[in-house]
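Notes follow once the structure below has been shown.
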Amino acid sequence: MGILVNKETKVIVQGITGTQGSFHTKLMLDYGTKIVAGVTPGKGGTVVHNVPVYDTVNKAQSMHQADASVIFVPAQFAKDAAFEAIDAGIKLLVILTEHIPIRDSMEIMAKAKMEKTIVIGPNSTGIITPGECKLGFMPAHIFKPGVVGIISRSGTLTYEIANQLTARNLGQSTCVGLGGDPIVGLSFVDVMKMFRVDPVTKAVVLIGEIGGDLEERAANYIIEDGFEKPTVAFIAGRTAPPEKRMGHAGAIILGKAGSAESKVEALRAAGVHVADTPAEVADYLVKLPGLKEKSIFNSPQS
17 MGILVNKETK VIVQGITGTQ GSFHTKLMLD YGTKIVAGVT PGKGGTVVHN
67 VPVYDTVNKA QSMHQADASV IFVPAQFAKD AAFEAIDAGI KLLVILTEHI
117 PIRDSMEIMA KAKMEKTIVI GPNSTGIITP GECKLGFMPA HIFKPGVVGI
167 ISRSGTLTYE IANQLTARNL GQSTCVGLGG DPIVGLSFVD VMKMFRVDPV
217 TKAVVLIGEI GGDLEERAAN YIIEDGFEKP TVAFIAGRTA PPEKRMGHAG
267 AIILGKAGSA ESKVEALRAA GVHVADTPAE VADYLVKLPG LKEKSIFNSP
317 QS
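Okay, structure coming up:
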């Protein structure tokens, strides 16, 4: 049982008839995700991978009472899609779309906050509870059930570090891709609060990058609220030049703010082990007393 999603979560896919929506719906279904409906305006009545398609989220919701929606629609339609899902009463949105205008993202977050809807993304790789449910792009075969929670701003580094953990017999409880945009729904602190009360999660990995202050806020949370679960971090972009965006829309250093140096300094001051390389994350965790023994997953070949 992971945080936010599990094998019982009922899911709608918005944009299911598009190339990416259809392709990843098949992969999510193969993984065991309970996708109950798809939505594409004008395509109601059709079927994709045996999943019924509706014209509106409201119609899909009236038939299936979904818990979550995965949004695959193009950036210019993403705000309307998110608003439609929120208005239909869906309480968890995973927005994978990139290049959503910042103003649209701000309006999505404001409406979600008002309606108490959780948003993962935009520009997210999604969320996976290994062995139970996957919402997004993540390559499922590298994730195994276990006790390490991962919170990440980088999709590729999530895969790399999860793969390293799995190779060392350390499975994962839940992996959350926060998204690489300047405005995102969940923060490191939001997910750390969930992992804190999750009995399965015994250690946490933070994968940060330059830009913004989410990592510094996580460090303050650890200090001020006494977050007690062992935490290891990796910060990407240590050699990035200032004033130049690197990769994600949110990855830009302005002055000292948002630099890798300030994030590493803040996390180390909070007692977090900050790895110099992605591989060092697994090296550190595997040495924690009893962590491997608590992992549900015990064989990298299983």
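The numbering of the sequence shown is my numbering, which starts it at 17 and goes up by one. Note that beta-carbon positions come from the ideal geometry of N, C-alpha and C, so glycine has one too.
Within the same chain, show all residues whose beta-carbon is closer than 7 Å to that of residue 279, passing over the 5 residues directly before and after it, in chain order.
224, 231, 232, 251
Quick one: what's got a C-beta closer than 7 Å to residue 317's C-beta in the same chain, skipping five residues either side?
Because the pLDDT at residue 317 is just 42, under 50, the model does not fix this residue reliably, and the value given afterwards should be weighed accordingly. Once the five neighbours on either side are set aside, residue 317 has no close Cβ partner at all.
Of the choices 114, 67, 50, whose alpha-carbon is the least far from that of residue 83?
50
Check the C-beta distance from residue 54 over to residue 89 and give it rounded, since I have them as a contact under 8 Å.
The Cβ separation is near 11 Å, so there is no contact.
8 Å contact criterion, which residue 134 and residue 160 should meet: CB distance rounded:
With a Cβ gap of about 25 Å, residue 134 and residue 160 do not count as contacting.
Suppose you measure from the CA of residue 297 to the CA of residue 249; what does that come to, to the nearest Å?
7 Å
Return the CA-CA distance between residue 315 and residue 185, expressed in angstroms with no decimal places.
Below a pLDDT of 50, predicted positions are generally treated as unreliable, and residue 315, at 49, falls in that range; the measurement from the model is reported next regardless. Their Cα atoms are separated by approximately 6 Å.
Assign residue 146 to one of two classes, buried (16 or more other C-beta atoms within 10 Å of its C-beta) or exposed (fewer than that).
buried
By the three-class DSSP mapping on this structure, what secondary structure does residue 77 have?
helix
Check the DSSP bridge columns for residue 111 and list the partner residues they point to.
87
Contact set for residue 238: own chain, Cβ-Cβ below 6 Å, skip 5 residues either direction:
286
At which residue ranges does the region 25-79 contain complete alpha helix (DSSP H) runs of 4 or more residues, listed in the order of the chain?
35-47
Under a three-way DSSP split, which group does residue 116 fall into?
coil
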